[in-house]
């Protein structure tokens with residue numbers, strides 16, 4: 004039996020591993036990961052490429068760590084503090100940062116208005132840039148129940164994404180992680196979770212989270228929040244291990260780092276840290292531009308997760 008602490012470690016570290024594994028295949032074709040690594044364990048699979056070193060995480064995990072460290076150091080949700088950390092990181096010119104996130108963080112607008120003002124002008128803010136960083140916050144708020152964990156997700160997403168669609172997708176992810184940490188089946192909890200989604204967005208999420216949905220049916224690129232979350236749940240639903248779920252996610256192509264990060268968070272929460280291959284966790288590292296050139300390793304992520312849940 005996987006204990007809750009191991010599931011929490013699996014969610015945070017599993018998300019980071021998915022991010023690093025998927026990064027070299029971003030915007031590539033379907034099946035590229037399995038074409039290169041047809042058999043599990045054929046090399047470490049942490050191959051690097053596309054500007055990424057083997058085991059290096061992207062903005063997905065970098066922003067997730069910033070959220071986690073704020074939650075720990077502030078002993079709770081201090082949105083202005085998280086926004087300032089995001090700004091400091093963005094100003095250090097990280098290798099990768101979403102165009103929308105960069106625009107919001109560099110706008111000079113107040114933390115509680117920047118994303119909304121950006122959305123008013125652009126009318127496009129339903130990317131997966133809030134969903135990608137949500138594993139640590141999902142772990143932190145899980146003990147407080149469905150309403151609290153989904154509310155925290157929405158508030159965190161709204162820091163950079165003015166479209167409620169992004170809030171609701173992040174809220175669903177938070178809730179599915181909460182269910183998994185309790186040892187229950189997140190796929191089986193989808194219907195109940197949808198009841199808590201804002202009515203204007205419920206139908207669209209119901210479509211991509213349906214048991215008959217396949218990522219090939221997506222009407223948007225998987226850099227959008229709906230197909231990204233739907234693809235992650237599909238990967239979890241159609242496989243039977245952490246490793247096979249993440250492989251399936253990366254093999255979808257497209258925004259592979261984020262789809263695999265979201266999948267890795269869910270699968271890690273279901274199967275626990277022991278299910279994440281050591282050949283993947285050993286080279287894992289998270290650079291933090293703007294923060295004294297710090298680089299976190301797997302042991303650092305584990306310590307941070309324990310502080311989140313302590």
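In the working numbering, the protein residues as written are 4 to 313. Even for Gly, the Cβ is constructed at its ideal location relative to N, Cα and C.
Would you report the Cα separation of residue i and residue j, rounded to the nearest angstrom?
i: residue 229; j: residue 294; result: 32 Å
i: residue 278; j: residue 111; result: 43 Å
i: residue 300; j: residue 64; result: 12 Å
i: residue 262; j: residue 135; result: 8 Å
i: residue 11; j: residue 178; result: 14 Å
i: residue 91; j: residue 215; result: 43 Å
i: residue 212; j: residue 282; result: 31 Å
i: residue 51; j: residue 5; result: 31 Å
i: residue 79; j: residue 288; result: 25 Å
i: residue 41; j: residue 83; result: 46 Å
i: residue 204; j: residue 62; result: 27 Å
i: residue 286; j: residue 154; result: 35 Å
i: residue 129; j: residue 302; result: 33 Å
i: residue 217; j: residue 207; result: 14 Å
i: residue 223; j: residue 189; result: 24 Å
i: residue 77; j: residue 60; result: 25 Å
i: residue 275; j: residue 14; result: 7 Å
i: residue 71; j: residue 311; result: 7 Å
i: residue 165; j: residue 219; result: 27 Å
i: residue 234; j: residue 66; result: 21 Å
i: residue 192; j: residue 239; result: 13 Å
i: residue 105; j: residue 114; result: 13 Å
i: residue 271; j: residue 180; result: 9 Å
i: residue 290; j: residue 127; result: 29 Å
i: residue 57; j: residue 255; result: 21 Å
i: residue 273; j: residue 7; result: 10 Å
i: residue 36; j: residue 269; result: 20 Å
i: residue 159; j: residue 298; result: 24 Å
i: residue 16; j: residue 117; result: 30 Å
i: residue 221; j: residue 265; result: 17 Å
i: residue 241; j: residue 252; result: 11 Å
i: residue 280; j: residue 243; result: 15 Å
i: residue 149; j: residue 94; result: 35 Å
i: residue 73; j: residue 39; result: 38 Å
i: residue 27; j: residue 49; result: 9 Å
i: residue 102; j: residue 25; result: 19 Å
i: residue 89; j: residue 308; result: 19 Å
I'd like to confirm the pairing. Which residues does DSSP put opposite residue i in its beta bridges?
i: residue 298; result: 290
i: residue 227; result: 130
i: residue 52; result: 55
Report back the beta-carbon spacing between residue i and residue j to the nearest angstrom; my notes put them in contact at under 8 Å.
i: residue 20; j: residue 284; result: 6 Å
i: residue 232; j: residue 176; result: 6 Å
i: residue 132; j: residue 152; result: Actually they are not in contact, since the Cβ atoms of residue 132 and residue 152 sit about 20 Å apart, beyond 8 Å.
i: residue 31; j: residue 259; result: 7 Å
i: residue 18; j: residue 267; result: 5 Å
i: residue 257; j: residue 225; result: 4 Å
i: residue 292; j: residue 96; result: 7 Å
Measuring from the CB of residue i, is there a heavy atom of the ligand PLP at a distance below 8 Å?
i: residue 189; result: Ligands displayed in this structure: none; no statement on the ligand PLP is therefore possible.
For the region 106–123 against the region 243–252, do three or more pairs of beta-carbon atoms, one drawn from each stretch, fall closer than 8 Å, so that the two count as touching? Flag = no, the region 106–123 and the region 243–252 do not touch.
Practice task
Identify every run of the alpha helix (DSSP H) within the region 98–135, keeping only runs that are complete inside it and at least 4 residues long; order them along the chain.
Solution key: DSSP runs (the alpha helix (DSSP H)) wholly in the region 98–135: 102–108, 117–125.
Quiz item: For the region 134–148 against the region 190–197, are there 3 or more C-beta pairs whose distance is under 8 Å?
Solution: Per the Cβ contact rule, the region 134–148 is not in contact with the region 190–197 (fewer than 3 Cβ pairs under 8 Å).
(Q) To test your reading of the DSSP string, which unbroken alpha helix (DSSP H) runs of 4 or more residues are found completely within the region 141–196? (A) Runs of the alpha helix (DSSP H) spanning 4 or more residues and lying entirely within the region 141–196 occur at 149–160, 167–184, in chain order.
Exercise. Would you call the region 165–176 and the region 34–47 in contact, with 3 or more CB pairs under 8 Å?
Worked result: No, because fewer than three Cβ pairs between the region 165–176 and the region 34–47 fall closer than 8 Å, the two stretches do not touch.
Counting only runs that start and end within the region 69–95, where is the alpha helix (DSSP H) found for 4 or more residues in a row? List check, alpha helix (DSSP H) in window: 82–94.
Ordered list of alpha helix (DSSP H) runs contained in the region 204–261, each at least 4 residues: Within the region 204–261, the complete alpha helix (DSSP H) runs of at least 4 residues fall at 228–240, 245–253.
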